Amino acid sequence: MSLNYNPDLALKYCLRIIQGENLRTLCDDDGNPISFDQLACWLLKEKEFYDMYKKARALQADLLVDDMLDLVKKVKDSNLHDENTSLKPSQKLTYTKMVLSTYKWAASKFNPEKFGSIKKQPKISTFIPPDLIPTLDHQNALDQNDKNSFIYSIFDPHHPYHTETA
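Position in the sequence shown (first residue = 1) + 12 = this note's numbering.
Below, the structure written as structure tokens:
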């Protein structure tokens, strides 16, 4: 059955996606008014639904990370600090590595600029404001073997080689 785009129904689907359901499960439910193909068409044709869907997937990912961190905490608390556990030291080390790698992974997703594996390179501007470009006779300054003064003259308006730009 084909159904025109319905914003209320789209919102209900997005809320279910946030809770962890996938698109095929949503469409396979009994009583579901649209097919998977129709839902896919909504995603392709309706910008409002697509934007809402992207936000729902982002929230779903946040909840998955929260669930994962809760699980890691339970494992850490129940197995690493229990004196009565029958875990060998190598197993405790494996648990510890798993806990640490999970926390590092979550930190890289929550704050990728600080903890991510790919660091952003600082942007270097090649723009020179016009008021810093000297209008003096460049050759005159270089002929006097005073290259430092020439470079300094660009920035110091009181330097003898500095001339104002119009």
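Glycine included, every Cβ here is placed at the ideal spot set by N, Cα and C.
Note that the structure is predicted; figures quoted are calculated from it, not measured.
- Judged by their CB atoms, A119 and L81 are not nearer to each other than the 8 Å cut-off.
- Here DSSP, grouped into helix, strand and coil, assigns Q31 to coil.
- Within its own chain, the residues whose Cβ lies closer than 6 Å to the Cβ of Y25, once the five positions on either side in sequence are excluded, are L38, listed in chain order.
- Counted as a single uninterrupted DSSP element, the stretch harbouring S98 is not any alpha helix (DSSP H), since DSSP gives it neither H nor E.
- Rounded to whole angstroms, the separation of the alpha carbons of V84 and T114 is 8 Å.
- Short of 7 Å from the beta carbon of L35, and not among the five residues preceding or following it, lie these beta carbons of its own chain, in chain order: F48, L51.
- Following the DSSP letters along the chain, one finds L56 inside the alpha helix (DSSP H) bounded by residues 48-57.
- About 5 Å separates the beta carbon of I46 from that of L15, a gap short enough to meet the 8 Å contact definition.
- Pairing I30 with L75 gives a Cβ-Cβ distance under 8 Å.
- Straight across, the Cα-Cα distance linking K100 with K88 is about 15 Å.
- Taking C-beta atoms as the reference points, V77 and K121 count as a pair closer than 8 Å.
- Excluding the 5 residues flanking it on each side, V111 has same chain C-beta neighbours closer than 6 Å at V84, K88, in chain order.
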